[in-house]
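Residue numbers (this note's numbering), protein chains in the order written: chain A, 1 to 206; chain B, 1001 to 1081.
Quick reminder that beta carbons are idealized off the backbone N, C-alpha and C, glycines included.
So, in structure tokens, the structure goes:
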């Protein structure tokens, strides 16, 4: 069976990143919304592909130069830590540079995914997607946490709870819990009232 | 490392609470199916927008700032004991 041709920008970007970063000896993983989509209850759209990488002793300029040679235009949004790049065919890319022992570990324990019979890529494990999302704590990050937890996933709870405590994320988790419980109550009320209105005869016609 | 029972309880409660109001699409997903479904929802998914600085940059910067504060609190590059 032949190798599937690139079907879209994501596919092309993954193949290109494998060439660019692997040839530089840089470990990288898919993060952000695309990683979350491997675990969410329902897939959502996103405008970009996020990757996290481990530079070891290299400078972020090595990545920037390598991307440029492959037609990507990039801007260093946060010096040493965050690049945003754009390619006319492969789309938008955010590159987050790891800087802690935790992140190095998260890259090392990432899962391998198949793009096709020959091309693979690595994506953050479910626990690390949740931890990173809890740290970022924006609206969409919290929505991703809710969506992933809705699947009632099997996880490494020791690892998860250790880093939640280490990063002081308990309050953020509690806040998401409160919102989820409030939403559940509202949904149940809507269902009850909707049922009542369907089952009550329309007396205005009498 | 001991399990933080409080956090674990929260995750379990939270998962149960959310699951009652959601429809879960089939799991696990392959890498290819994730990309295909994203493109089905929006063919321009992943392509960026006219504004180079929109999207999830704020989320990334928030993450980096929290990380910086955490590393500073730890007094180093984030190594744990």
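- Within 7 Å of the CB of residue 61(A), no CB atom of chain B is found; the nearest one sits about 18 Å away.
- Under the 8 Å Cβ criterion, the region 27-43 of chain A counts as touching the region 92-112 of chain A, having at least three qualifying pairs.
- When 8 Å is used as the limit between beta carbons, residue 114(A) is near these residues of chain B: 1030, 1031 and 1032, in chain order.
- Per DSSP, the continuous beta strand (DSSP E) segment holding residue 52(A) begins and ends at 49-54.
- Beta-bridge partners of residue 73(A) (DSSP): 86(A).
- With contacts defined by Cβ atoms closer than 8 Å, residue 39(A) and residue 129(A) form a contacting pair.
- Nearest CB-CB separation between residue 1050(B) and chain A: not below the 8 Å threshold.
- Distance from residue 1057(B) to residue 44(A) at the Cβ level is roughly 18 Å; contact not present, criterion being Cβ atoms closer than 8 Å.
- The DSSP assignment places no complete beta strand (DSSP E) segment of no fewer than 3 residues inside the region 1037-1067 of chain B.
- Taken atom to atom, the span from the alpha-carbon of residue 78(A) to that of residue 1068(B) is near 12 Å.
- The beta carbons of residue 1022(B) and residue 150(A) sit about 4 Å from each other, so the pair counts as a contact at 8 Å.
- Using a CB distance cut-off of 8 Å, residue 37(A) counts as an interface residue toward chain B.
- 75, 77, 78, 81, 82 and 84: these are the residues of the region 59-84 of chain A whose beta carbon lies less than 8 Å from some beta carbon of chain B, given in chain order.
- Boundaries of the beta strand (DSSP E) around residue 114(A): 111-114.
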